[in-house]
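Novice:
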Amino acid sequence: MPGPPIPGSADDRLARLRALPVAAPVLDGLAGEEGVHVVGGAVRDLLLDRTPAELDLVVEGDALPVARRAAERLGGTVVEHPRFGTATVRVGDVVFDLAGAREERYERPGALPEVTVGATLADDLARRDFTVNAIALRLAGGELTQVPGALDDLRDGRLRVLHDDSFADDPTRLLRLARYAARLGFAADPHTDRLAARAAADGALATVSGERLGAELRLLLREPQPAALAALARHGVGRALLGPAFAGDPVLIRAALAELPADARPDLVALAAALVDADRDELPARLRALAFPAPDAAAVLAAATAGRLRAALDAATRPSEVDALLRREPPEAIALAAALGLGRPGAVAAWRDRDSDRRLALTGDDLLAAGLRGPAVGAALAVARAAMLDAGAETREDQLAAALAAGQAPGVSPGTGAPSGTPRRRYSS
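FYI, in numbering that gives the first Met the number 0 the residues of the sequence shown are 0 to 428.
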């Protein structure tokens, strides 16, 4: 929730900064350096009494000699990138980057910015996405520098861009607007919201590569859900990314997340829940265009199309029939199947919680020793698993009896049950 910035003096802010797990070695290495500032989200989170995961450091002037001195003080090493005016200091497991203040210019909408180093701190803050991320804290004294109105926006829980071309210059900021709204509980100010609507309507996202958009989308999926995907639905941004079927329905997303198996990915489940009406033939191309890793895309596709299992699950009356349908589905699809209410009441959840990880006491070696060969072994194991799930055949002897009876019967089909000891497999492309 929004709240007032931390009260107190510059010394109070520096003390709070030093208390952060990531900060002490950084402050020790940069002691006495006058032109070094913590900037961006780290300052925002510090002022909101949150814990920043990392520190972004900007140097007014040349960052390279500052990095060299820090490495010398700490007994570490430095890797310099003169072309970009940046350097990385490493001391054991501690790594931090220093960047010279810079300004940016966009040659055309959606292009990567052209960066010029050697700028002022004010120039560096002015290139940022939202005012609440355009605040700097000077390490040498604890003073704050802000773009106009940034601290007021932070206090009031307001997301405001720094200029009217912000979304046109970098349309990925449309996704970041949704990310920060979900993470911080903030809302766009009315003018920023109108600018976002105009950029989305003008097709701004089409000016950015799918790889960049996909990277931002995957970050958004890690934010609190369903808030982030609901925010992405605003102004049609989600539909522009993922097609007309995208819907940030908070009820279904929340229901799917409540049904998560232990090995399911919450981010993929949330996305799939927003895509349950997607075209099975079109969705893979959308995910490829956004550079989703193939296993992740396959899991999202299987989960988003879990409705294909409805008729078969509705007809399943025995636990073994439910098992045969769900056993090779990824855990994300199980969550959606349960959230969509597929099958008889409670059948999917019962399989997830009770049957999915049950293993036979019987092995294929037992059946080979009993004289079965070839496809008959797999068929007998499937029958033994059905006997375990449906008839309570828990012991090796009971399972073997059921398996041998099936192996000796004419016309036994291999079935769909997984052999004993076979781990549950994730969906793969």
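Ideal Cβ placement from N, Cα and C applies to all residues, glycine included.
Within a Cβ cutoff of 7 Å, which residues of the same chain sit near D61, ignoring the five residues on either side of it in sequence?
Specialist: Cβ within range, chain order: G99.
Novice: At what residues does the beta strand (DSSP E) containing F95 begin and finish?
Specialist: Its beta strand (DSSP E) spans residues V93 to G99.
Novice: Threshold first: 3 residues or longer. Then list the beta strand (DSSP E) segments lying entirely within the segment 101–136, N to C.
Specialist: Entirely contained in the segment 101–136, the beta strand (DSSP E) runs reaching 3 residues are, in chain order, 101–104 and 113–116.
Novice: When you compare the CB positions of L289 and L216, do they come within less than 8 Å of one another, or not?
Specialist: In contact: L289 and L216 (Cβ atoms closer than 8 Å).
Novice: Would you report the Cα separation of L324 and L380, rounded to the nearest angstrom?
Specialist: Whole-angstrom Cα-Cα distance: 16 Å.
Novice: Exposed or buried, T115, counting other C-beta atoms within 10 Å across all chains shown (16 or more means buried)?
Specialist: So T115 ends up on the exposed side.
Novice: Which word fits R157, buried or exposed, when buried means at least 16 other C-beta atoms lie within 10 angstroms of its C-beta?
Specialist: So R157 counts as buried.
Novice: Are there 16 or more other CB atoms within 10 angstroms of the CB of L19, so buried, or fewer, so exposed?
Specialist: Buried, by the Cβ-count rule.
Novice: Whole angstroms are fine: how far does the CA of A310 sit from the CA of D123?
Specialist: When rounded, the distance between both Cα atoms is 58 Å.
Novice: Over what stretch of residues does the alpha helix (DSSP H) that includes H190 continue unbroken?
Specialist: Unbroken alpha helix (DSSP H) run through H190: P189 to A200.
Novice: Going by DSSP in three states, R89 sits in which element: helix, strand or coil?
Specialist: Three-state DSSP puts R89 in a strand.
Novice: What do you get for P422, buried or exposed, if any count of 16 or more other CB atoms within 10 angstroms of its CB means buried?
Specialist: Reliability fails at P422, whose pLDDT of 38 lies under 50, so the model's placement of it is uncertain and no value is given.
Novice: Out of L241, L251 and T206, state which residue places its alpha-carbon closest to the alpha-carbon of Q224.
Specialist: Selected option, being the one with the closest Cα: L251.
Novice: Residues in its own chain within less than 7 Å of T76 by CB, not counting five upstream and five downstream?
Specialist: Excluding sequence neighbours, T76 sits near A70 and R89.
Novice: Any idea what DSSP makes of H234, helix, strand or coil?
Specialist: Of the three classes helix, strand and coil, the one that applies to H234 here is helix, per DSSP.
Novice: Measure the Cβ-Cβ separation of A125 and R101 and say whether it is below 8 Å.
Specialist: Not closer than 8 Å, so no.
Novice: If you count every other CB in all the chains shown that lies within 10 Å of the CB of A14, and 16 or more means buried, which is it?
Specialist: It counts as exposed.
Novice: So the candidates are A9, A337 and L388; which of them puts its Cα closest to the Cα of L312?
Specialist: Among A9, A337 and L388, the Cα nearest to that of L312 belongs to A337.
Novice: Give the DSSP bridge partners of T76, in chain order.
Specialist: Partner(s): R89.
Novice: So is D10 buried or exposed if we call it buried at 16+ other beta carbons inside 10 Å?
Specialist: It counts as exposed.
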